[in-house]
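Shown next, in structure tokens, is the structure this report addresses.
Number of protein chains: 2
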Amino acid sequence: MDTASSPRTPTLEDVAERAGVSRSVASRAINNVGNVSDTKRAAVHRAVRELGYVPNPSARALATNRVGAVVLAVATDEPGIFADAFFAQVIYGISVALERTDVTLTLVLAGRPEGAAKLRQIVRSRRADGIMLMNLHGDDPLAKLAEQTTMPVVFGGRPLGAEPQWYVDTDNRSGARLATEHLVEAGYRRIATITGQLSLDVAEARYRGYRDAMAVAELPAHRVEHADFSEAGGAAAMARLLEAHPDLDAVFAASDNMAAGALRTLRAWGRAVPDEVGVVGFDDLPTALHTDPQLTTVRQPIEALGAEMARMLLSILDGVRPTPLILPARLVVRGSTRPAADR
Amino acid sequence: MDTASSPRTPTLEDVAERAGVSRSVASRAINNVGNVSDTKRAAVHRAVRELGYVPNPSARALATNRVGAVVLAVATDEPGIFADAFFAQVIYGISVALERTDVTLTLVLAGRPEGAAKLRQIVRSRRADGIMLMNLHGDDPLAKLAEQTTMPVVFGGRPLGAEPQWYVDTDNRSGARLATEHLVEAGYRRIATITGQLSLDVAEARYRGYRDAMAVAELPAHRVEHADFSEAGGAAAMARLLEAHPDLDAVFAASDNMAAGALRTLRAWGRAVPDEVGVVGFDDLPTALHTDPQLTTVRQPIEALGAEMARMLLSILDGVRPTPLILPARLVVRGSTRPAADR
DNA sequence: GTGAAAGCGCTAACAC
DNA sequence: GTGTTAGCGCTTTCAC
């Protein structure tokens with residue numbers, strides 16, 4: 001039959017030989033680059049198919065200085081935060097955006113020092129072509145990563161107090177304003193807020209949006225407690241709010257998880273939602289549907305956030321210089337708020 | 001100062017030159033392999049430090065046929081399932097186990113056909129040294145992946161009706177038995193169950209555990225509905241159960257999410273939990289703490305599952321032939337069940 | 001349009 | 001112990 005070729009995985013050389021061309025022609029044909037006659041091109045492609053040839057990524061990477069991988073780094077310390085459905089949705093979006101390319105996704109949890117070190121190691125050894133970086137707290141030294149490397153970095157959300165060259169973010173400030181305006185329009189007046197850690201830009205922006213709306217409505221915005229975006233944190237903050245401001249009649253929580261915690265506390269305190277207290281969350285996670293009552297919230301397009309980050313990074317790698325992208329947030333009204341007329 | 005060396009990233013050759021040794025000695029010193037005198041070893045390490053040398057992973061991979069990456073493939077179609085806190089915890093466990101190695105984690109969502117194709121592509125081109133594969137349904141062709149490649153595959157959970165060479169799994173059957181026994185001991189008698197998709201081994205095993213316990217208690221085990229591990233699915237299944245078996249006084253749901261859905265339906269139907277109906281879940285996700293009442297459930301060590309998968313894969317890559325690992329599950333009693341004496 | 005040949009940066013025999 | 005050398009499999013000038 002055939003010359004007894006060993007059953008090792010075929011190389012470009014095997015393809016070239018079988019197609020009766022040189023290695024350089026085979027390479028050009030495979031990568032659709034340079035000039036190759038149609039005859040030879042076809043012969044090469046047939047050989048590729050027959051042999052089941054797959055290029056060796058390491059060899060290619062070595063020759064081209066492109067590894068065909070991007071990393072998603074999530075700067076989160078505790079599993080609790082990462083376990084949030086939020087990141088899963090981001091990852092899903094990225095994954096779909098990468099599916100049709102032959103770029104691979106490397107995931108790094110860069111919250112703990114070991115993880116951050118690993119990320120730096122990846123960067124220094126150029127094990128990836130680019131980085132998507134999320135969930136940076138204000139003081140995180142990783143925020144400076146973009147300046148320390150030539151590898152392109154796309155931020156998911158802005159690091160606090162910085163305006164990176166490339167990022168994708170939700171319009172958090174507007175979203176929070178929408179949420180608060182909705183409470184005002186529903187006739188609530190003594191509106192409190194539960195913020196996330198103000199070392200996160202996203203928390204800061206949502207707090208701003210709350211104050212924007214309160215200022216416009218000429219309502220006092222002093223009923224404020226800070227938490228950490230978690231359900232437990234939201235529950236505790238709600239309790240503090242109720243103690244400090246027993247007269248409050250609504251609360252805007254900067255995440256659905258915190259809103260869920262707030263609902264729990266309100267129930268424990270015997271405050272009826274939405275009749276005595278209106279509650280609005282942020283994110284529109286599955287959580288928002290599972291609470292009782294269901295949460296009025298602000299939907300941010302989380303999967304799209306991931307997909308857009310990936311797309312932005314890929315375009316940068318293709319030589320394009322995109323501009324930052326701000327995704328819109330919109331209000332979703334459910335049972336945890338009700339117009340004054342109906343209460 | 002120095003000879004005008006270009007500012008490109010240093011190579012092994014640069015290190016060797018600076019340390020005054022040959023490249024092979026430098027390589028041996030760096031990889032702690034073969035014989036190198038202490039003097040030269042020290043010189044090499046100093047040169048490495050001074051130059052900030054980092055080995056080029058592609059070159060190393062090309063030479064050693066080891067790429068220093070493992071993939072986690074999750075065979076999940078819909079974002080909803082992946083968004084489950086479960087996978088996030090698994091990933092966290094894997095990530096921690098990998099932190100101290102210089103092995104990188106590649107994530108592939110292999111549920112959609114494009115994702116599965118991508119996984120196969122990774123395997124064929126050997127872009128990774130090994131695979132962790134999770135959430136396989138009974139009919140998923142990926143289950144055969146392990147037989148089609150020499151790349152080691154560690155399964156997270158068993159594929160239905162198969163006993164792969166390497167896997168890490170929770171003792172789902174025992175866990176489900178514990179859950180059901182707990183209901184029996186609490187004095188519930190007309191105990192129903194909501195299963196996951198029986199095309200998943202994990203659902204099948206938990207269903208078995210339920211029947212085991214019911215058989216031992218000599219109770220009828222015909223109050224059964226099937227769902228898909230989701231909250232919505234659990235809610236719907238609970239409604240079907242209540243219609244078909246209005247007399248039921250307890251339900252074992254094969255996941256916390258389904259149990260949460262069941263709670264929602266029970267509340268809507270005006271059945272008091274735990275006094276009229278006892279409810280037990282499975283997983284001990286954060287969800288279990290956020291329901292009202294909190295869920296009695298079966299805790300499985302999810303982070304450990306991820307960590308053990310990673311450890312198992314690494315040990316295989318080190319030439320060890322480990323045996324499959326079954327992790328224990330244990331009962332966690334909370335408010336959704338109550339002994340008959342207290343009801 | 002095509003092919004020869006020189007690397008990419010590393011490791012691993014093998015001879016000294 | 002140490003250095004020389006031959007690859008790993010690919011891309012990419014550069015002549016023809």
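From first to last, the protein sequence lines stand for chains A and B. If you read the first sequence in the UniProt record's numbering, its first letter stands for residue 1, the second for the next number, and so on. If you read the second sequence in the UniProt record's numbering, its first letter stands for residue 1, the second for the next number, and so on. In this text, a Cβ means the ideal position worked out from N, Cα and C, and glycines have one as well. Here the structure is a predicted model, which is why all the values come from computation and not from measurement.
- Message: Suppose the cutoff is 6 Å on Cβ atoms and the five residues either side in sequence are ignored; what does the same chain contact list for Met-238/A look like?
- Response: Ala-262, Thr-265
- Item | Short CB-CB distance (under 8 Å) between Arg-23/A and chain B | no
- Taking Ala-59/B and Leu-12/A to be in contact with their CB atoms under 8 Å, please state how far apart those CB atoms are, rounded to whole angstroms. That belief does not hold up - the Cβ atoms of Ala-59/B and Leu-12/A are roughly 18 Å apart, past 8 Å.
- Burial state of Thr-39/A (16 or more Cβ within 10 Å): exposed
- Item | Close-in-space but distant-in-sequence residues of the same chain around Arg-177/B (CB under 8 Å, 5 per side omitted) | Gly-209, Tyr-210, Asp-212, Ala-213
- Message: Assuming contact is defined by CB atoms lying nearer than 8 Å, are Pro-286/A and Ala-83/B in contact in what I supplied?
- Response: yes
- For Val-168/B, the first and last residue of its enclosing beta strand (DSSP E): 167-170
- Task: With a 10 Å radius around its C-beta and 16 neighbouring C-beta atoms as the bar for buried, classify Lys-118/A as buried or exposed.
- Result: buried
- Message: I'd like to know whether the C-beta atoms of Ile-94/B and Gly-306/B end up nearer to each other than 8 Å.
- Response: yes
- Query: Is it true that the region 181-197 of chain A meets the region 148-164 of chain A, where meeting means three or more beta-carbon pairs spaced less than 8 Å apart?
  - Reply: no
- Per-residue contacts from Gln-121/B into chain A (C-beta, under 8 Å): Val-54, Asp-102
- Query: Grouping DSSP H, G and I as helix and E and B as strand, with all else coil, what is Val-90/B?
  - Reply: helix
- Item | Sequence ranges, alpha helix (DSSP H) only - wholly within the region 180-226 of chain A, length at least 4 | 201-216
- Which first and last residues belong to the beta strand (DSSP E) in which Met-132/B is found? 130-134
- From the DSSP output, which residues share a beta bridge with Thr-296/B? Val-280/B
- Message: Output needed in chain order: residues of the region 304-335 of chain A with a Cβ under 7 Å from some Cβ in chain B.
- Response: none
- Message: So with CB distances below 9 Å, who are the chain B contacts of Thr-106/A?
- Response: Ala-69, Thr-104, Leu-105, Thr-106, Leu-107
- Query: Glu-231/B versus chain A: which residues are under 9 Å apart at the beta carbon?
  - Reply: Pro-286, Leu-289, His-290
- Query: Going along chain B in order, which residues have a C-beta closer than 9 Å to the C-beta of Pro-152/A?
  - Reply: The premise fails here: Pro-152/A is roughly 17 Å from chain B at the closest Cβ pair, so nothing lies under 9 Å.
- chain A partners of Lys-144/B, CB-CB under 7 Å? Within 7 Å Cβ-Cβ: nothing; Lys-144/B doesn't reach chain A, min ~17 Å.
- Message: So, for Arg-343/A: in the same chain, excluding its five sequence neighbours on each side, which residues have a beta-carbon less than 8 Å away from its beta-carbon?
- Response: Gly-187, Pro-274, Asp-275
- Within 8 Å, strictly: CB atoms of Val-277/B and Leu-295/B: no
- May I ask you to list the residues that DSSP assigns as paired with Thr-104/B? Ala-69/B
- Message: Quick check: what's the CA-CA separation for Ser-5/A versus Pro-57/A?
- Response: In this predicted model, Ser-5/A has a pLDDT of only 41, less than 50, meaning its place in the structure is not dependable enough to derive any value.
- Task: Report the residue from Pro-141/A, Ala-268/A, Arg-206/A, Asp-247/A whose alpha carbon sits nearest the alpha carbon of Ala-179/A.
- Result: Arg-206/A
- For Asn-135/B and Leu-74/B, believed in contact at Cβ under 8 Å, the rounded distance: Looking at the sequence itself, residue 74/B is Val, so the reference to Leu does not match. Right, their Cβ atoms sit about 6 Å apart.
- Alpha carbon to alpha carbon, how far is Thr-101/A from Ala-268/A? 51 Å
- Message: I'd like to know if the region 218-226 of chain B and the region 155-174 of chain B are in contact, where contact means that at least 3 CB-CB pairs between them fall below 8 Å.
- Response: no
- Closer than 8 Å, CB to CB, is Ser-199/B near chain A or not? no
- Beta-carbon of Pro-57/A versus every beta-carbon of chain B: anything under 8 Å? yes
- Query: Can you tell me whether DSSP reads Leu-331/A as helix, strand or coil?
  - Reply: strand
- With Ala-29/B and Ser-22/B assumed to form a contact (beta carbons below 8 Å), what rounded beta-carbon distance in angstroms separates them? Not quite, the Cβ-Cβ distance comes to about 11 Å (not below 8 Å), so this is no contact.
- Query: What residue does the beta strand (DSSP E) around Val-154/B start on, and which one ends it?
  - Reply: 153-156
- Have a look at Val-103/B, Ala-253/B, Phe-86/B and flag the residue whose alpha-carbon is nearest the alpha-carbon of Thr-193/B. Ala-253/B
- Item | Minimum Cβ-Cβ distance from Leu-62/B to chain A less than 8 Å | yes
- Identified DSSP bridge partners for Ile-326/A: Asp-169/A
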